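Here's the structure we're looking at; comments come further down.
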Ligand code: GDP
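Numbering (my numbering), first residue to last: 16 to 212.
Okay, here's the thing in structure tokens:
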């Protein structure tokens, strides 16, 4: 499915102009620079579906992609960019939080966590929000190639332990590296299974 036809639907800068909610939807969220664009490109095997950028905190839109008339995928603006002006952070929260709370066709949110950093405070805020909104989510660890196996294994364990406290979190974490194309099949299969539910 993810390797099939895809089209960019729209970038929504406000909740007033979201596309119709008729298809099952998945969303990708994560801190700025977590590797979200790289992951979306690797997952879909498109070199530039999502824009890889070194200026974090810039895209403030929800970008909607449509796959084979069966699914929508949303690339959410990154959060937690330290130098972002307060007003921008507020605007982000307002849009993203109300999107996550109010989107009835949202099947799952994939929350990306950098394999070198683990769960940060603003990730916890997102977990909490998703718990409160009863939106199912799963953690995807990124940049697994940047860490030695034993260190990564420990970090994974810490993340999974933490997730047990969160009611809406899927218990298992998916480990990926866009650079090494690791974990892509697992993630594609997880998404395909979701659509069958
Ligand atoms: P975004 O801001 O979350 O969309 O992150 P990007 O996809 O733009 O990636 C941020 C930086 O991390 C870029 O310099 C990428 O080249 C790098 N990066 C992304 N994924 C990987 C990965 O799997 N392995 C490594 N080593 N670097 C990555």
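The beta-carbon is built from N, C-alpha and C at its ideal position, and this holds for glycine as well.
Remember, predicted model here, so these are calculated numbers, not experimental data.
With respect to residue 192, residue 143 sits apart: the two C-beta atoms are not nearer than 8 Å. Across the structure, residue 153 and residue 31 are spaced so that their CA atoms are roughly 27 Å apart. The beta-bridge partner set that DSSP reports for residue 27 consists of 77.
Checking the 7 Å criterion, the Cβ of residue 157 is within range of a heavy atom belonging to the ligand GDP. With respect to residue 183, residue 146 sits close: the two C-beta atoms are nearer than 8 Å.
When secondary structure is reduced to three states using DSSP, residue 157 falls in the strand class. Residues 36, 37, 38, 39, 40, 87 of the same chain have their beta carbon placed closer than 8 Å to that of residue 120, with the five preceding and five following residues left out of the count. For a cut-off of 8 Å, the C-beta gap from residue 79 to residue 20 is around 15 Å, too long to register as a contact.
Exposure of residue 63 is indicated by the presence of fewer than 16 other C-beta atoms within 10 angstroms of its C-beta.
Residue 186 and residue 175 have their alpha carbons spaced roughly 6 Å apart. Taking every protein chain shown into account, the CB of residue 110 has 16 or more other CB atoms within 10 angstroms, so this residue is buried. At a cut-off of 7 Å, the beta-carbon of residue 93 counts as near the ligand GDP: some heavy atom of the ligand is closer than that.
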